[in-house]
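Here's the structure, in structure tokens; my notes come after.
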Ligand SMILES: [Zn+2]
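In our numbering, the protein residues as written are 22 to 520.
Listed below in structure tokens is the structure:
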């Protein structure tokens, strides 16, 4: 086959995959936002069918043949080059998997999640333990198919964030932990005791919706090319830059939750809206790596949205909707919403201790993979570490070891990506301060478009063309380090707690 013909057919095949994935993600969005409860089964089957159709194309003999022709010479178009690399990697990955093993895993995975739901409801970890053990074992076997038999955890980690191994994460988490544990002692000893209840009140949801629209407008979310809806778990979806949808959730007593979730999901949504239109139809519309994607949302949620300057700007705006806020100073409001809480629950903690929640889970994953503890011992060790790192033991297993669904639904070797996003953000923050020296002034005025514009140019525009390490290199030329993030939290919490 001639190169030109192969290129044409390859692009057409990828376009089909792009459509199938977009239809699937729109159906999933509809399931979460609109679908009548009883229709879930039929919808689940339809979504599985579309996934299967996309998979057939990715693993077809035709795909392999086309790739072989295209690999004969370097592609002139860097987008095409990235597409070829992506599909070769996927083809190889699928070809290495033992289909029977995969079927066994897929079926176990579905059931394991259901068992977790029941176990959590009845506070019964013992009923989940054998299922979770098998989930780990099957995933380790699958990782072995790809050559990771000696270090399955790194193999699984590599799938979520290519290029990051246990060794690297051990180094980064070691640095962060050494810094954070003494910092938490200092915070506990500080005379500054912010009142976490100060931000609570009665905030009617229709007014929160209006405020959130302004929050999204400020960061440059384009409502002509996207939507905002409500779902139980906020998330963002969309392959096409002209149709990026995010969801959020409102709590009447605390409007900052919706603001932070709109900034977070808004960060994901901008990643989609900012992509170079030349990447449409290529399936390169998403940045590579769970941590790299999380960095985009966390930057707006935390580095911008949880900064003192942001609340100097947003509190008076919020007071237009909720006049009772006029009585509170931006500084007190900021301290209240950022106060360090050391909750044993990951979703109810603060920006700082969130890191320790992740380190705890990462360390337990390692112990399980290395056979240092059994699955039956997991709740006990969980509670010990919770006491050590967070100063609090969960009330029961439902609130402790059973709080997250991740380990029961295949997200193993995944947790570290949340903090990896923070490490990337540390790099971006440092680089941004060089390029936008009046960053804090801009945030204080709510002038956020230069900030998201920077993200578009430096991070979002190229979508999935580059691996996480390459993206980082293109921003500041550095290797990944925890240092910049540590500098950021040192500055933030020293100022807050007058350390
Ligand atoms: Zn996110």
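Where a beta carbon is used, it is the ideal one built from N, C-alpha and C, also for glycine.
DSSP, read as helix, strand or coil, puts residue 100 in helix. Between ligand 1 and the CB of residue 359, the shortest heavy atom gap is not smaller than 8 Å. For residue 247, the pairing in a beta bridge is given by DSSP as 265. In terms of side-chain proximity, the C-beta atom of residue 97 is found no nearer than 8 Å to any non-hydrogen atom of ligand 1. Closest option to residue 477, judged by alpha-carbon separation, among 320, 229 and 131: 320. If you look at residue 378, you'll find it in the alpha helix (DSSP H) that goes 375 to 391. Residue 314 has its CB nearer than 8 Å to a heavy atom of ligand 1. The alpha carbon of residue 90 has as its nearest neighbour, out of 29, 49, 300 and 131, the alpha carbon of 29.
DSSP, read as helix, strand or coil, puts residue 257 in strand.
Of the heavy atoms belonging to ligand 1, at least one sits nearer than 8 Å to the Cβ of residue 286.
Distance from the C-beta of residue 289 to the nearest heavy atom of ligand 1 is below 8 Å. Annotation: residue 431 is outside any alpha helix (DSSP H) and is labelled neither H nor E by DSSP.
Note that the stretch 130 to 140 touches the stretch 149 to 166; at least 3 beta-carbon pairs, one per stretch, sit closer than 8 Å. When C-alpha distances from residue 379 are compared across 425, 352, 356 and 418, the shortest belongs to 425. The closest CA to that of residue 489, considering only 442, 455 and 450, is found on 442.
Residue 234 and residue 465 have their C-alpha atoms spaced approximately 19 Å apart. Residue 260 sits close to residue 42, with the two beta carbons spaced by under 9 Å.
Distance between residue 416 and residue 126, taken at the CA atoms: about 32 Å. Sorting 216, 106, 240 and 322 by C-alpha distance to the C-alpha of residue 470 places 240 at the top. The stretch 203 to 212 makes no contact with the stretch 239 to 259; the number of CB pairs closer than 8 Å stays below 3. About 28 Å separates the CB atoms of residue 290 and residue 222; that is not less than 8 Å, and the two are not in contact. Annotation for residue 390: 157, 161, 173 and 174 place their beta carbon closer than 8 Å to its own, counting only its chain and skipping 5 residues before and after.
Closest by C-alpha distance to residue 263, out of 306, 274 and 288, is 306. Selection 38, 332 and 92 evaluated against residue 23 yields 92 as nearest (Cα-Cα). Distance from the Cα of residue 516 is smallest, within the candidate group 120, 25, 180 and 215, for 215. At a threshold of 8 Å, residue 46 does not count as near ligand 1, since its beta carbon sits no closer than that to any of the ligand's heavy atoms. In the structure shown, the three-state DSSP call for residue 119 is coil. If you check the CB distance, residue 492 and residue 308 come in under 9 Å. Straight through space, the alpha carbons of residue 166 and residue 392 are spaced by roughly 20 Å. Distances from the CA of residue 505 to each of 399, 445 and 36 were compared; the closest alpha carbon is that of 445. Around the beta-carbon of residue 276, 16 or more other beta-carbon atoms lie within 10 Å, marking it buried.
In this structure, ligand 1 has a non-hydrogen atom nearer than 8 Å to the beta-carbon of residue 318.
Per DSSP, the unbroken alpha helix (DSSP H) holding residue 332 starts and ends at 329 to 342. If you compare the alpha carbons of 366, 368, 25 and 511 with that of residue 101, the shortest gap goes to 25.
The beta carbon of residue 508 is closer than 8 Å to those of 447 and 451 in its chain, skipping five residues each way along the sequence.
In the DSSP annotation of this structure, residue 398 is not part of any alpha helix (DSSP H), being labelled neither H nor E.
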